[in-house]
Each structure stands twice: as C-alpha cells, then as structure tokens.
Amino acid sequence: MESIRVSGRALEQKLDEVLELLGGSQHLLFNAMAHMTAGTPSQLVAPTSSAEFGRKRNEIARIFQSPVALRGLEVALRLFEEVYLAVDAQGGVPGSRPQELLDLLRINTEKPDETIALSKDMHWIVEWPVCLPAAGPETLMSCEWFARPWGAVVPPYVVNYLASAATARRQKRNDAAVALLAIAAEATLRDVLSSRGYSFAHGASSKDVFAYCSARVTADEASGTYIVKFDDAMPLAVGDFGTSFAGAPVEIKVKRVPKNANGTRIDLNIVAPSPLHDHWTSPTVETPGVPTVGGLGAALDIARNRLACVTAEDLALDFDEVLQAVRNNLVHLSGAALDTPLPHFDFLKRDFALRDFLLNDLLVQDFVAAIARFITVQYVELRRSGTLYT
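Under the working numbering, think of the first position of the sequence shown as 232, with each following residue one higher.
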C-alpha cells in the first residue's frame, strides 16, 4: 500500500460518516468488526446493546488512528468492504440504498486531489481529477489499486507515474503528462512480457551462449603452418574431417574484435563453413538464450503480433505511434522531437506531428483515458493469472 497514504483522521471521519448513514443499523458495522478481528490482539467484542455503540466506535477509531502501526488502513478498507456487503445483501438500510453507501466510501488520501473509492466488485480504485483547460467538465483518471486476495493491483511504481501524470495534466502541462503516461505504459508492457518469459535485462542474450573449449596452438616454422590441438573432445573427431570437407583445404576468415576501449582484450572472430564448428567447438550450452525485448516498439510488436496479449480492444492501434513517438523522442526531449510525424492523425490536419497532438486537449484527454484503462486491464489480468509477483 506504500503508494497511497491515508491519515488516521480521514479514516476516523469516514467511520463516522458510515455510522451516520447506517443509523439504526450500526450493529452491522460492529458485528463485521467483531468477526474480522476475532482471535487477534485488536479483537472487538460485538456490543450487546446500542448503549455500547459509542465506546465500540472509539475502539475502532483508535485502530484507524494508527494506519501503519496498527494496520489501521488495511483494517478500515476491509471493514468498509464487509459493511457494504452486509448492506447490499439486505437491500439497504432504512433511509439508504446500497449505492448511497458505495458513493460514501470515497476517502481522501494525504495527497491533494487524490481519493480512493470502493467499486461494486470490491476493488479499491485510486482516482485523480483531470481538468480540461477550456472550461470543460472535470473528468477523472483512475486505476485499480487494491483488491483481495491480491493486495496491490497496479504496482506502486506505476501508480506513482499515473499520479504525477494527473498532476501535470491539471497544470496544463500536456507534454509532461503524456511523457509520464508513456513511461507507465512501457512499464506495464514490460511486466506483461516478463510474465511470459521475456527478458529486459541489460546484456541478456536471445541466443544460447556456448562454453569455451581448451586448445593449444603451436607453429611449424619449417612448413610455415600453425597447428591447433584441442584438449577437449569435439563432436566430430579429426578422423571425420575428410568426410566433412572432401579433401580440399577449408577456407576460413579471421578478424580481430576489440572488446574494450583500451585494447587490452582482443578476441578472434572466425567465419567458417559448416560443420567446422563441430570439429573446433564444444556443443555445451553455458547460458541458455532467453526471449529479449529491445524497446517499446519491439514490446508492442511482440505483445500485439506474437503473443496477442494486447489487442485493439485493450488499446487502440492509433495510439501505438503516439506511444512510440513520445517514448523515443519526447522522453529524450529535443526541439526536433516535437516535429515527429503522426500520420494516423492526418485526418485532423495535414502533416500532423507530435506538437499538434500535445496542443489538442481532446486528443490528450483521450490518450489519458486510454492509457489508464489499458494499464488497469493488464494488471488485473496479471493478478488474476497469478503471474505478477511485485
């Protein structure tokens, strides 16, 4: 829960609001708390009469006032979930429908313009207002934050990018907002592909790395030849050489390959016909190759075309070129980056470029909504499949 912080005061205030809405049905909350805390150090004994409600309220408030030390935030979220389920199961309480309680379960966090809210499917959603500059209606950007039994849904590092993007958007800094959303989308794609065995580790090889074998080289000055003798057994022996190459000398090409800047290590690169490698090298795989991903463009291509785990239903194809233009150019900002063409949007203006996209508030708003939705959908699926362990 580290990406979201809620004060004890906010939790206590929400407790009082829920109790007020329940009215004569406050026993539903106290019974839920008693059931939740049974057998724990914070156990609450259900009240036997309404005369005890005030004292029981204070016992719960003491826990809420310590969101971390007494796990007050975790307890509060679960309690509010249980109360809603109880109210929903009986069709409401006198004077209030279940939806009214659900609408009430919106809690301010310690960050300005950030709230968490309970959805009907019992997922807690974090929301940020995203205002349209031209006096348009206020809209919200959101993602799923917490759900049982998964815990975090969208990981904290992605939630933080979304929160910062929402702040930038409210401040009318579309370039920063879009750049942060592109980074969040790339982080999501990395997690999606990592869960399917792809590697983003620097230096990881997509091909098998074979073990070295030992050999000794001597020179025969009389004949002007070098003699190579291998200490290890090779797949094909010297006696098989004539069969492999029909008696003619084998032509190979050799070049030096500097491996560091100061030239202290120089490797030899040999280009030779097959099957010389079976005479001169070991077949032992030292490090198996892994599927690797080079960048955002490659990640999108793999996710869409090779694995089909990201479809047009998840994210419209039109936004691919925006994501790549932003990630490859705007994140590494330069003036020329803003002139990156976006031909998918030429229907709006001839020679449409990234600069035009950022100046169009409606386009940016569509991008904000699409990326936030894409991120939530992907992480919900990862949590549901049990393939994300962050």
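A virtual CB, placed ideally from N, CA and C, is assigned to each residue, including glycine.
Nearest by alpha-carbon distance to residue i: which of the options is it?
i      : options                           : result
Val188 : Thr618, Val595 and Thr607         : No information on residue 188 is available, as it lies outside the stretch 232 to 621 that the chain covers here.
Leu253 : Asn536, Leu333 and Cys540         : Leu333
Glu243 : Asn339, Ala265 and Gly326         : Asn339
Arg309 : Val488, Pro522 and His354         : His354
Glu358 : Lys351, Pro343, Asp352 and Cys374 : Cys374
His510 : Ser475, Asp587 and Ala601         : Ser475
Leu631 : Ala556, Ala479, Arg240 and Asp319 : Past the edges of the chain, shown from 232 to 621, lies residue 631, and the structure says nothing about it.
Gly239 : Ala503, Asp422, Glu482 and Glu341 : Glu341
Arg293 : Glu283, Val306 and Ala282         : Val306
Asp247 : Leu349, Leu336 and Arg537         : Leu336
Gly617 : Leu393, Asp549 and Asp422         : Asp422
His245 : Leu569, Asn405, Thr346 and Ser234 : For the sequence presented, residue 245 should be read as Lys rather than His. Out of Leu569, Asn405, Thr346 and Ser234, Thr346 has the C-alpha closest to the C-alpha of Lys245.
Glu517 : Phe550, Pro489 and Phe441         : Phe441
Val410 : Ala584, Ala543, Tyr392 and Gly525 : Residue identity check: residue 410 is Ala in the sequence provided, not Val. Checked all of Ala584, Ala543, Tyr392 and Gly525; the closest Cα to Ala410 is Tyr392.
Leu424 : Arg537, Asp545, Asp582 and Asp577 : Arg537
Arg379 : Ser395, Thr370 and Ser350         : Ser350
Val237 : Glu290, Ala317 and Ala348         : Ala348
Leu412 : Ile235, Leu554, Phe588 and Leu275 : Leu554
Asp326 : Glu452, Gly285, Glu251 and Leu275 : Inspection of the sequence shows that residue 326 is occupied by Gly rather than by Asp. Cα-wise, what sits closest to Gly326 is Glu251.
Asp592 : Ala241, Asn405 and Thr495         : Asn405
Ser273 : Val481, Phe295 and Ser454         : Phe295
In this structure, does DSSP put residue i in helix, strand or coil?
i      : result
Ala348 : strand
Glu552 : helix
Phe441 : strand
Thr449 : strand
Ile235 : coil
Arg614 : helix
Lys580 : coil
Thr398 : helix
Arg337 : strand
Val299 : coil
Pro272 : coil
Pro343 : coil
Pro572 : strand
Ala307 : helix
Leu246 : helix
Gly254 : helix
How far does the beta strand (DSSP E) with residue i in it reach, from first residue to last?
i      : result
Met372 : Thr370 to Ala378
His354 : His354 to Val361
Asn559 : Taken as a continuous stretch (DSSP letters only), Asn559 belongs to no beta strand (DSSP E), as it is neither H nor E.
Val459 : Thr456 to Phe461
Asn262 : Run containing Asn262: none in the beta strand (DSSP E); it sits in the alpha helix (DSSP H), His258 to Thr268.
Under the DSSP definition of a beta bridge, which residues are partnered with residue i?
i      : result
Leu499 : Arg487
Ser327 : Val324
Val481 : DSSP, once it has assigned bridges, lists no residue as partnering Val481.
Ala383 : Phe377
Thr518 : Val440
Ser430 : Thr523
When you measure from the CB of residue i to every non-hydrogen atom of the ligand FAD, does any distance come out below 7 Å?
i      : result
Arg535 : Although the ligand FAD was asked about, the structure shown includes no ligands whatsoever.
Need the endpoints of the alpha helix (DSSP H) that residue i sits in, please.
i      : result
Asn405 : Asn405 to Ser425
Thr474 : Phe472 to Phe476
Glu290 : Phe284 to Phe295
Ala530 : Leu527 to Asp532
Asp587 : Leu585 to Leu590
Leu546 : Leu546 -> no alpha helix (DSSP H), and no H or E assigned at all.
Leu507 : Leu507 to Trp511
How many angstroms separate the CA atom of residue i from the CA atom of residue j?
i      : j      : result
Met267 : Gln609 : 31 Å
Ala539 : Leu590 : 33 Å
Cys444 : Leu613 : 43 Å
Pro386 : Thr607 : 10 Å
Leu626 : Ala556 : Residue 626 is absent from the model: the chain starts at 232 and stops at 621.
Ser281 : Ser256 : 10 Å
Ala446 : Met465 : 11 Å
Val599 : Thr279 : 51 Å
Lys484 : Lys490 : 19 Å
Thr523 : Phe431 : 6 Å
Leu531 : Ala317 : 44 Å
Asn493 : Gly520 : 29 Å
Arg302 : Tyr315 : 20 Å
Gly478 : Asp463 : 24 Å
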